[in-house]
Amino acid sequence: MDYQDIAADLESVLITEDEIHAKIAELARRIETDYAGEKLLLVGVLKGAVMVMADLARELHLPIEMDWMAVSSYGSGTQSSGVVRILKDLDSDLHGRKVLIVEDIIDSGLTLSWLRGNLESRGAESVEICALLRKPDAAKVIVDVKYEGFQIPNAFVVGYGLDYAEKYRNFRDIGVLAPHVYA
Ligand code: IMP
């Protein structure tokens, strides 16, 4: 979906598809250097991270494995509940693995700080985080993000995997949702 398809529901386009791809390439170069010669496990957080996972994984010149987790965060609202529940667990054994969590966005940080602790407790050798977006002004807990794409204002954004009530995930760019959509 392009801007024209959902223009009425958007306040503005924040980050274009081209800017996203350039940033992912930049992050991939850093990850390749840091994990050269290693067997990396990418853990994607469903469903929002599907696009960034697909693009990052293909951009990496490294042998990687992929696994997925689904955790509850927002339901259909726009506020973090702070309650984290595993809806789908990993298939992989994490003992001795180097894990990179791939996330779309860090808002309050509650989901990721819980997730990192959870994966570390399973015996992973290392657990790092790659997040395309972060809202520094919304942070409720500090999360150490090794690979961060863009810092964005504290607004509700959609596109490139990010949804509002399951819509807009297939919008190519990232845009700020117009308040009338969720008012
Ligand atoms: P946190 O626990 O508050 O950091 O929330 C993280 C999760 O909330 C993300 O993985 C997204 O699924 C969702 N989320 C947070 N902010 C937004 C947003 O602006 N648009 C869409 N989803 C969001």
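All residue numbers for the sequence shown refer to the UniProt record's numbering, where the first residue is 1 and numbers rise by one.
Idealized CB from N, CA, C, for every residue including glycine.
Next item on the list: Quick one: give me the first and last residue of the beta strand (DSSP E) that Gly-149 is part of.
Entry: 147 to 151
Notebook entry, point to check: If you run the structure through DSSP and keep just helix, strand and coil, what is Val-50?
Noted result: helix
Check: Going by beta carbon distance, what residues of the same chain come within less than 6 Å of Ala-183, once the five residues before and after it are set aside?
Finding: none
Checklist line | Coil, strand or helix - Tyr-164 by DSSP | finding: strand
Next item on the list: Provide the residue span of the beta strand (DSSP E) that contains Leu-132, from first to last.
Entry: 126 to 134
Check: How would you write the range of the beta strand (DSSP E) that Ser-12 sits in, first residue to last?
Finding: 10 to 15
Checklist line | Per DSSP, cross-strand counterpart(s) of Ala-70 | finding: Leu-46, Lys-88
Check: Given that a residue counts as buried once 16 or more other Cβ atoms are within 10 Å of its Cβ, and exposed if not, what is Leu-87?
Finding: exposed
Checklist line | Secondary structure of Ile-24, DSSP reduced to three states | finding: helix
Notebook entry, point to check: Any heavy atom of the ligand IMP within a distance shorter than 7 Å of the CB on Ile-106?
Noted result: yes
Notebook entry, point to check: Given a threshold of 16 other Cβ atoms within 10 Å of its Cβ, counted over all protein chains shown, does Val-141 qualify as buried or as exposed?
Noted result: exposed
Margin query: Using DSSP's beta-bridge definition, name the partner residues of Val-181.
Written below: Note: Val-181 sits in no beta bridge, so no partner.
Check: According to the neighbour-count rule (16 or more other Cβ atoms, all chains shown, within 10 Å of its Cβ), is Ser-113 buried or exposed?
Finding: buried
Next item on the list: Look up Leu-100 in the DSSP assignment and give the residues it is bridged to.
Entry: Leu-42, Glu-128
Item checked: Terminal residues of the alpha helix (DSSP H) in which Ile-6 lies -> 3 to 6
Checklist line | Integer Cβ distance of Asp-173 from Thr-16, believed to fall under 8 Å | finding: 5 Å
Next item on the list: Along the alpha helix (DSSP H) that carries Gly-117, what are the first and last residues, could you check?
Entry: 110 to 120
Notebook entry, point to check: Using a Cβ-Cβ cut-off of 7 Å (strictly less than) and excluding sequence neighbours within five positions of Gly-175, which residues of its own chain qualify?
Noted result: Leu-10, Ser-12, Val-13, Leu-14, Val-157, Val-158, Gly-159
Item checked: For His-95 and Ala-165, the rounded distance between their alpha carbons -> 36 Å
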